[in-house]
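Have a look at the structure below, then the notes.
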Amino acid sequence: MTSLLLLSQAAVISLSVVFGVLIVAEFAIIGYFIYKRYRPRTVKPKVTQASNDDNNDSVAVTAETGEASQYILDVSDLKQYFPVGKSLLGKPQSFLRAVDGVSFRLERGKTIGIVGESGCGKTTLGRTILRLYDITEGSAVYTDEQGKQYELAKLTKKQLRPLRTQLQLVFQDPYSSLPPRMTVGSIIGEAVRVHNIVPKSEIHDYVLDVMKRCGLQPHYYDRYPHEFSGGQRQRICIARALAVKPKLVICDEPVSALDVSIQAQVINLLKKLQREMGISYMFISHDLSVVKYISDSIAVMYLGNIVEMGSTADICTNASHPYTQALFSAVPVPNPHRKAKPEMLEGELPSPANPPKGCKFHTRCKHCMQCCTEEVPQMREISPGHFVACHLFDEAEQNDVAVEQDVQEE
Ligand code: SF4
């Protein structure tokens, strides 16, 4: 009788254990499926994926002509969106459209100036091209001197590494972009050593030569960044970028933190180095006088888009987009007998997380029409090489088409 009782108790206990295990397993399976369905995902709307295969060069190199192309950089419909806010399940609530479909080309050995007010996306554009951010959509093709084309959007980190010497960035703030515990010689020489630009035994002399080119005295070699003025620190930053023999340098407001006299020195230094080394610059600035001086062509950005683009002469003497006109009217005139008439733009720059419909500038434009609030203006060539995105020029184009049709009918 006792053994029967013991047996039944053992059976009950083992059944309870089995049921317990089954219930735990069931919860684990349900939990797994819930997690799989609602787990926080990588927050990009439509990402141009880089290849995971680091050895797949066909992804990196889109063409190989053997000749240096006229254009060193060809950017097409480039987009950079950042997620804003997250729902309870980790999904982004909206996207900040910092760069929203930018296209331009940069000629080899030339300078393109990117201008626009703070928050328009110029800095993000530069950093996106250099892949400091993963590109959301669009393409940026870099062509090296041998004619090899690299689709920067598709390169993996490993594939990008050899290109890092050819694509360099000069930061806005020379104070924070230099490591305070390294001497000038080691700051400039570090990338030279890592990328084997010259044999190890020649690094010291090579760094001294680069310093000389950039107007830095040889005895600065063993000094630390805090011992220098702002202008000298920016020269160190430029020397660091140039030491690896770059072909394209993105200068992100390189002189905005400097005095006017020092600005002129640094700009002249950049121009001199461009003549000597054939470097191409993408010069980002909100200072139109500086951009006018250094650039061969200018692109004007507003809220993540280029609204006008052309040669420096076209943009400075024949600014056609209402936003460009307002920007240039605010440039001080160095003539006491001519009165400047700055055009006041009303209202704040709208949020790139919630841009206005139609033309993004319509909330501040004095020429705003009904169509501006509904339709996005397309880029149109109003004279050779001069492009404007504004509905004011739609009519002119339609008239041209009508005239062409009349001529054909006759
Ligand atoms: S499209 Fe309309 S709102 Fe936009 S800049 Fe031209 S006139 Fe102004």
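Taking my numbering, the leading residue of the sequence shown gets 40, the next gets one more, and so forth.
Note that CB positions come from ideal geometry on N, CA and C, so glycine has one too.
If you draw a straight line from the Cα of SER268 to the Cα of GLU156, it is about 27 angstroms long.
The closest heavy atom of the ligand SF4 lies less than 7 angstroms from the beta carbon of CYS404. Annotation for MET408 indicates a beta carbon within 7 angstroms of some heavy atom of the ligand SF4. Taking 8 angstroms as the upper bound for CB-CB distance, LEU309 and LEU112 are not in contact here, some 17 angstroms apart. When rounded, the separation of the alpha-carbon atoms in GLN48 and VAL56 is 12 angstroms. Taking 7 angstroms as the cut-off, one finds no heavy atom of the ligand SF4 near enough to the beta carbon of PHE210. Around the CB of ILE151, 16 or more other CB atoms lie within 10 Å, so the residue is classed as buried. Boundaries of the alpha helix (DSSP H) around ASP248: 242–252. Checking the 7 angstroms criterion, the Cβ of PHE400 is within range of a heavy atom belonging to the ligand SF4.
Distances from the CB of HIS360 to the heavy atoms of the ligand SF4 include at least one below 7 angstroms.
For ILE151, the beta-bridge partners assigned by DSSP are MET321, SER336. One alpha carbon belongs to PRO391, the other to VAL427, and they sit about 21 angstroms apart.
Between the ligand SF4 and the CB of PRO395, the shortest heavy atom gap is not smaller than 7 angstroms. Between TYR120 and GLN313, the alpha-carbon positions lie close to 33 angstroms from each other. In its chain, beyond the 5 residues on either side, PRO389, HIS401, THR402 have a beta carbon closer than 7 angstroms to the beta carbon of PRO395. Using a C-beta cut-off of 8 angstroms, the region 352–365 makes no contact with the region 286–305, since fewer than three inter-stretch Cβ pairs fall below that distance. ILE153 is positioned such that its CB atom lies closer than 8 angstroms to that of MET321. The beta carbons of ARG274 and LEU247 sit no closer together than 8 angstroms. Residue pairing by DSSP puts GLY349 in a beta bridge opposite ILE337. Beta-carbon to beta-carbon, ASN344 and VAL141 are separated by about 7 angstroms, close enough to satisfy the 8 angstroms threshold.
With a contact defined as Cβ atoms closer than 8 angstroms, LYS405 and LEU342 miss out at about 17 angstroms. For VAL233, the enclosing alpha helix (DSSP H) begins and ends at 223–233. Relative to the non-hydrogen atoms of the ligand SF4, the Cβ of CYS411 comes within a distance shorter than 7 angstroms of at least one. Using a cutoff of 7 angstroms, the CB of LEU297 does not count as near the ligand SF4, since none of the ligand's heavy atoms is closer than that. Collapsing the DSSP output to three states places PHE432 in a helix. Short of 7 angstroms from the beta carbon of GLY317, and not among the five residues preceding or following it, lie these beta carbons of its own chain, in chain order: GLY148. Counting every other CB atom within 10 Å of its CB across the protein chains shown gives THR163 a total of 16 or more, marking it as buried.
The beta-carbon distance between GLU176 and LYS118, rounded to whole angstroms, is 4 angstroms. This is short enough to meet the 8 angstroms contact definition.
In the displayed model, GLU385 falls within coil according to three-state DSSP, outside both helix and strand. Between ASP291 and ILE323, the C-beta spacing is below 8 angstroms. Close CB contacts of THR204 within its chain, under the 6 angstroms cut and outside five residues either way in sequence, are with HIS234, VAL283 (chain order).
Shown here, VAL283 sits in coil according to DSSP, grouped into three states, outside any helix or strand. Taking the Cβ of LEU431 as the reference point, at least one heavy atom of the ligand SF4 falls within a distance shorter than 7 angstroms. Taken through DSSP and simplified to helix, strand or coil, LYS380 comes out as coil. Of GLU315, SER300, MET348, ARG279, the smallest CA-CA separation from VAL329 is found for SER300.
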